[in-house]
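Let me begin by presenting the structure, written as C-alpha cells, before commenting on it.
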Amino acid sequence: MFYHLKNTLRIYPLTRSVTQKATSSKNSLQYCANIVRQHDYENYLATLLMTKALRSPAFVVRAFNAEIARVQDQTTDPQTAAMRLQFWQDAVNLIYQNQQSYKIPANPITQELYKVCISYKLPKRYIERLISSRQSLLKTKYFRTMEDVEIYTENTVSTIYYLLLCIAGVTNVHADHAASHLGKAQGMANILRYVHVFNYHKTVSLPMDILMKHQVSQESVLRGNDNENMRNVIFEVASRANSHLEKARSIQVPKITNQIFLPAIAIDKYLTKLQKVNFNVFDKRLLQGSPTLPLTLYYKRILNKF
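The opening position of the sequence shown corresponds to residue 1377 in the numbering used here, with each subsequent residue numbered one higher.
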C-alpha cells in the first residue's frame, strides 16, 4: 500500500513557469522528499498521507528541519556545526529580504523553502526559531531541567506544526494548543529514542534535574548502564511525553489538522514499546522500526484521526 503510494508520489510545483523551470522545481521537491525519507522516516510516512495541496510544501519544511537537525550529527567540531547553522540563517535572511529567487543559494532546499515562505507567507520568526534553538543547544550542550526540555521541544518540533498549520491556512487557537503539546511529546520521545546517538557524541540529552533526582550520573548514561535508577529517569521523561500526547489528543481541532497531526501515531507506538521493555532505553528492540506503523497511519488517515 505505502510502496504504491510512494512510487506514485506526485510533486506539484508551487509556481507556474516554463517547462524547464517546472522540471527543475519537480526535481528539487523530490530531493526534499528524499531527505525526509532518509533522515525522518516516520514523518515521511505521515506526510505521504497528506492531501496533494499540503504534501509538497510540508516536505519542504520537514526537509529544511531535517537538514538543520542533523548538523550536530555531521561533525564533532562545534565551530563547524555553528558555521553550517549560520549558512541556513543567512539563507533565511535572504529569503525574507529579497523577492528575486536568483539571489537565494543554489541549494534545492533553500530554493523550495523560498517558494513556500513567499507563497504561504510563513512567519520568519518560526523559521528562525528552528535554527536559533539548535544554535543555543550547541552552546549549552545539555538541559538543566525538564522545563528546558519543554522549551527546546516547543521551539524545534511544535514550531514545525505551527508552520504546517500556516500552510493549511488554519488560524485556530485550539489547533495551536494541540500542536504545542504534540510537538513537546514528539520532541521528548525523540530525545529518549536517540539517547544512544547522543552518547556517541559524548553528550547527555536527559535533563540534569531528573538525573540528580534519581542519582544517575552523566558517566552512567554515557556508558549505557541499565539499572533501576536509570529506568526511573526514563519513566519520568516518558510519562511527561505521554501526558503531552494525551492533552494534544483531547483537544477538539478543525478536521483538516488531523492529517497534520498524524505523527502522533508513531509517538504512541514508541512510548508503548518503551513501556513493554520496562523503560530500558538501551534495549536494542527500540531501534527496530514498527512493521505495523504504515498500516496504522493509513487506517487513521481514513478515519481522519490522530
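Glycine included, each C-beta is placed from N, C-alpha and C at the ideal position.
query: For K1560, the nearest candidate out of I1480, V1580 and S1615 (CA to CA); result: S1615
query: Buried/exposed call for K1491, threshold 16 Cβ in 10 Å; result: buried
query: Three CB pairs or more closer than 8 Å across the stretch 1493-1502 and the stretch 1441-1450; result: no
query: Segment contact, 8 Å Cβ cut-off, at least three pairs: the stretch 1534-1544 with the stretch 1426-1440; result: yes
query: Coil, strand or helix - Q1473 by DSSP; result: helix
query: Touching by the beta-carbon criterion (3+ pairs, under 8 Å), the stretch 1649-1660 and the stretch 1604-1621; result: yes
query: Cα-Cα separation between R1501 and R1625, rounded to whole angstroms; result: 26 Å
query: Endpoints, the alpha helix (DSSP H) within which E1622 is located; result: E1604 to S1626
query: Other residues of its chain near V1629: CB distance less than 6 Å, five sequence neighbours each side excluded; result: H1550, A1551 and A1554
query: Span of the alpha helix (DSSP H), counted from its first residue to its last, around A1555; result: V1549 to R1569
query: Sequence-distant residues of its chain with Cβ nearer than 8 Å to I1641 (five each side left out); result: A1422, L1669, T1672, L1673, K1676 and F1682
query: Three CB pairs or more closer than 8 Å across the stretch 1531-1541 and the stretch 1577-1590; result: no
query: Beta carbon of L1425 nearer than 9 Å to that of L1638; result: yes
query: Nearest neighbour of N1441, chosen from A1482, A1467, Y1417 and I1503 [CA to CA]; result: I1503
query: C-alpha gap between A1617 and S1581, whole angstroms; result: 15 Å
query: Among K1402, T1486, M1522 and Q1462, the one whose alpha carbon lies nearest that of H1510; result: Note that residue 1510 is Arg in the sequence shown here, rather than His. When only C-alpha atoms are compared, the closest one is Q1462.
query: Contact check, A1409 vs A1439, beta carbons under 9 Å; result: yes
query: Continuous alpha helix (DSSP H) stretch holding N1531: start and end; result: Per DSSP, N1531 belongs to no alpha helix (DSSP H) and is neither H nor E.
query: The alpha helix (DSSP H) enclosing S1512, as first and last residue numbers; result: K1500 to T1516
query: Distance, T1535 Cα to S1512 Cα; result: 16 Å
query: Chain-order list of residues whose beta-carbon lies under 7 Å from that of N1634 (same chain, five-residue window excluded); result: N1680, K1681 and F1682
query: Cut-off 6 Å between Cβ atoms - residues of its own chain near L1381, not counting five sequence neighbours on either side; result: Caution applies to L1381, whose pLDDT of 47 falls short of 50 and renders its modelled position unreliable; the value that the coordinates give is listed next. Closer than 6 Å at Cβ, skipping near neighbours: L1424.
query: Span of the alpha helix (DSSP H) around K1645; result: A1640 to K1652
query: Buried or exposed by the 16-neighbour rule on C-beta atoms within 10 Å, applied to G1563; result: buried
query: Rounded distance between the beta-carbons of P1583 and D1524, thought under 8 Å; result: 7 Å
query: Alpha carbon of Q1414 to alpha carbon of T1521, nearest angstrom; result: 31 Å
query: Per-residue burial, Y1417 [other beta carbons within 10 Å of its own, 16 or more giving buried]; result: exposed
query: Per-residue DSSP class, three states only, for R1446; result: coil
query: Same chain only: Cβ atoms within 6 Å of G1600, ignoring 5 sequence neighbours per side; result: F1658
query: Rounded straight-line distance, which links the Cα of A1467 to that of S1508; result: 14 Å
query: Cα-Cα separation between S1619 and M1606, rounded to whole angstroms; result: 20 Å
query: Exposed unless 16 or more other CB atoms sit within 10 angstroms - verdict on N1603; result: exposed
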